[in-house]
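Reviewing the structure listed below.
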Amino acid sequence: MTMFALVDCNNFYCSCERLFRPDLKRVPVVVLSNNDGCIVARSQEAKDLGIKMGTPLFKARNEIKRYGIRVFSSNYTLYGDISSRVMQTLEQFSPRMEIYSIDEAFLDLSGTGSWPDYGQQIRSTVKRHVGVPVSVGIAPTKTLAKLANYAAKKFRATRGVVDLSDPRRQQRLLALTPVSEIWGIGRNLTRTLERRGMRTALDLAQINPRQAKRLSSVVLERTVRELNGESCIELDEVAAPKQQIVCSRSFGEKLTDYSKVREAICEFTARAAEKLRREKLAARMVNVFIRTSPFDNAGPKYSNSATGTLPQSSSDTLEILALATRLFDMIWKEGCRYAKTGIMLGDFCSPDRIQLDLFDMGPGRKRSDNLMRVIDTINQGGQGKVWFGGQRPQKNWFMRQENLSPAYTTKWNCIPVVK
DNA sequence: TCTGGGGTCCTAGGACCC
DNA sequence: TCTGGGGTCCTAGGACCC
Numbered sequence: 005m006t007m008f009a010l011v012d013c014n015n016f017y018c019s020c021e022r023l024f025r026p027d028l029k030r031v032p033v034v035v036l037s038n039n040d041g042c043i044v045a046r047s048q049e050a051k052d053l054g055i056k057m058g059t060p061l062f063k064a065r066n067e068i069k070r071y072g073i074r075v076f077s078s079n080y081t082l083y084g085d086i087s088s089r090v091m092q093t094l095e096q097f098s099p100r101m102e103i104y105s106i107d108e109a110f111l112d113l114s115g116t117g118s119w120p121d122y123g124q125q126i127r128s129t130v131k132r133h134v135g136v137p138v139s140v141g142i143a144p145t146k147t148l149a150k151l152a153n154y155a156a157k158k159f160r161a162t163r164g165v166v167d168l169s170d171p172r173r174q175q176r177l178l179a180l181t182p183v184s185e186i187w188g189i190g191r192n193l194t195r196t197l198e199r200r201g202m203r204t205a206l207d208l209a210q211i212n213p214r215q216a217k218r219l220s221s222v223v224l225e226r227t228v229r230e231l232n233g234e235s236c237i238e239l240d241e242v243a244a245p246k247q248q249i250v251c252s253r254s255f256g257e258k259l260t261d262y263s264k265v266r267e268a269i270c271e272f273t274a275r276a277a278e279k280l281r282r283e284k285l286a287a288r289m290v291n292v293f294i295r296t297s298p299f300d301n302a303g304p305k306y307s308n309s310a311t312g313t314l315p316q317s318s319s320d321t322l323e324i325l326a327l328a329t330r331l332f333d334m335i336w337k338e339g340c341r342y343a344k345t346g347i348m349l350g351d352f353c354s355p356d357r358i359q360l361d362l363f364d365m366g367p368g369r370k371r372s373d374n375l376m377r378v379i380d381t382i383n384q385g386g387q388g389k390v391w392f393g394g395q396r397p398q399k400n401w402f403m404r405q406e407n408l409s410p411a412y413t414t415k416w417n418c419i420p421v422v423k
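Under the working numbering, the first residue of the first sequence carries the number 5, and numbering increases by one thereafter.
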């Protein structure tokens, strides 16, 4: 019998921040999005205080002060490293595993017995080896495993593990769960379904799959089938090759200056090209966008983007930069207070299959590859020592990160010392 | 004053082909 | 004069996820 487990770290970013700060145990903690904009992770204590996911920091200032909530800027270097440790630990529990996001993974538990015990074993092992708490949901479809995990987190009596292999238990939980909590049902679908009188997951599970398709799309049809125990979404063991790479960011302050916004675009282009080379890909499509903030009433609203095609697929920062800056000039408008800019790369192929330009048969290409390799090696040292014309080394306006924790596990000088 | 970033998938509609 | 049907590819936009 096919059985999936969804293992999901509890309040992952907060748990990471606490790993090296035992003094923060039982203290409410929140972690902010890039640029210290919104609250994107909350410890249980912070949730209990009514802090909502996605709240802009400035709207929670009062509560933070009143309850002494500890605030952290996001530290993706730390979270990424802890994540890979969790995943390594999970690998030993199943021959087939899909890393679904930074803090969760599906395991194939078919053929294993006594699922609740096995779930508890997973929990205690991750806690012992890495130190972060996880919850485990077990069920015959991925959608039900997600639901089981939701219950494992929500109901304390489950001790962090819910086994939904029994259809009667599935029904009971479905009846208790609001339709909005189902994997794949977002804000819009919730509205559509509620308008038709479906409020619980059970209400949705009971409609005809074909009707679900008519109501929305095959995605909803699959969800209905999965809720009824029919597995439609397979385990993806190998990550699909990327189809696009995006680098974008809001600024720490509004920018009106052409040269500063252009610097930002150059910076993002260099980063995106690095990612591209790390994935061993080459891109042909480049898209650049700029926009003002929808919340900013102090100036005109403006949002625009431009797309261009490279003469041939490339992962060379200089070639991409040349196109990106040209696209940027096409959409630049004077007199706006810009809040955000970014670049998208797409239309990928692997570099060994690049269609060569008639006039670029080899040596030039090779030189560019070598140059990029050298630059990547130098920059991986950590501080970004080589940059291109247009990028700028010190950018104090760039991103707000006022409460950043140390890179405890990835930088020698940040490793905690036991006295 | 202060509102994230990086992705995927699906559908509809237009252009084009035979 | 009569003016089909099926297929592919591309793009934009919407919805969702973490």
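All residues carry an ideal CB built from backbone N, CA and C; glycine is no exception.
What does the alpha-carbon distance come out to for the pair residue i and residue j?
i      : j      : result
CYS353 : ALA277 : 14 Å
LYS69  : ASN79  : 22 Å
TRP416 : CYS270 : 30 Å
SER88  : ALA244 : 18 Å
LYS29  : ARG22  : 7 Å
PRO397 : GLN247 : Per-residue confidence for PRO397 stands at a pLDDT of 48, beneath the threshold of 50, marking its modelled position as unreliable; the derived number appears in the next sentence. Those two C-alpha atoms are separated by around 30 Å.
LEU151 : LYS157 : 10 Å
GLY312 : ASP261 : 24 Å
LYS56  : SER19  : 17 Å
CYS340 : ASP300 : 11 Å
GLN96  : PRO304 : 56 Å
ILE43  : GLU230 : 32 Å
LEU322 : VAL265 : 18 Å
LEU224 : PHE392 : 47 Å
MET289 : ASP121 : 50 Å
LEU259 : ALA268 : 10 Å
ASP52  : ILE189 : 25 Å
ILE237 : LYS146 : 7 Å
Taking buried to mean at least 16 other C-beta atoms within 10 Å of its own C-beta, is residue i buried or exposed?
i      : result
LYS344 : buried
GLY123 : buried
ARG212 : Here residue 212 turns out to be Asn, not Arg, going by the sequence shown. When all chains shown are included, ASN212 counts as exposed.
LYS63  : exposed
LEU285 : buried
VAL136 : buried
SER47  : buried
GLY72  : exposed
GLY346 : buried
ARG226 : buried
VAL378 : exposed
ASP167 : buried
PRO26  : exposed
GLN174 : buried
ALA216 : buried
GLU338 : exposed
Thinking just about the alpha-carbon of each residue, which of the options is nearest to the one in residue i?
i      : options                        : result
ARG176 : GLN215, ASP27, ASN232          : ASN232
ASN308 : THR296, ALA302, ASP300         : THR296
GLU234 : ALA274, ALA155, PRO171         : PRO171
THR381 : THR329, ARG282, ASP40, PHE299  : ARG282
SER221 : GLY201, THR196, PHE255         : THR196
ALA274 : LYS264, MET289, CYS251         : CYS251
ALA179 : THR162, ILE189, THR194, ALA209 : ALA209
ARG240 : ARG65, SER409, PRO99, PRO410   : The question names Arg, but residue 240 in the sequence shown is Asp. Measuring from the Cα of ASP240, the nearest candidate turns out to be PRO99.
THR181 : GLY117, LEU219, TYR154, ARG191 : TYR154
ASP207 : GLU185, ASN192, ARG191         : GLU185
Within the same chain, show all residues whose beta-carbon is closer than 7 Å to that of residue i, passing over the 5 residues directly before and after it, in chain order.
i      : result
VAL421 : none
SER169 : MET7, TRP119, ILE142, ALA143, PRO144
MET91  : ILE103, ALA109
TYR412 : PHE24, LEU82, CYS418, ILE419, PRO420
MET403 : ASN38, ASN39, ARG253, GLY256
SER409 : GLU21, PHE76, ASN79, LEU82
ASN66  : none
Apart from the five residues on each side of it in sequence, which residues of its chain come closer than 8 Å, Cβ to Cβ, to residue i?
i      : result
ALA287 : ILE249, LEU280, LEU314, SER317, SER318, SER319, ILE324, LEU349, GLY350, ASP351, PHE352
LEU94  : VAL11, MET101, ALA109, LEU111, ILE126, VAL130
ILE106 : PHE16, TYR83, GLY84, SER87
ASN407 : LEU36, ASP40, VAL75, PHE76, SER77
THR414 : THR81, LEU82, ASP85
LEU58  : As written in the sequence, residue 58 is Gly, which differs from the Leu given in the question. So the qualifying residues of the chain are CYS42, ILE43, VAL44.
GLU198 : VAL183
ARG214 : GLU225
Leaving out five residues on either side along the sequence, give the residues of the same chain with a beta carbon under 6 Å from the beta carbon of residue i.
i      : result
ALA310 : VAL292, LEU331, MET334, ILE335
ALA9   : LEU111, LEU113, VAL140, ILE142
LYS423 : none
Have a look at the DSSP bridge pairing and note the partners of residue i.
i      : result
PHE97  : None, per the DSSP bridge assignment.
PRO60  : CYS42
GLY233 : DSSP, once it has assigned bridges, lists no residue as partnering GLY233.
ALA286 : CYS353
THR313 : MET289
MET348 : VAL250, ASN291
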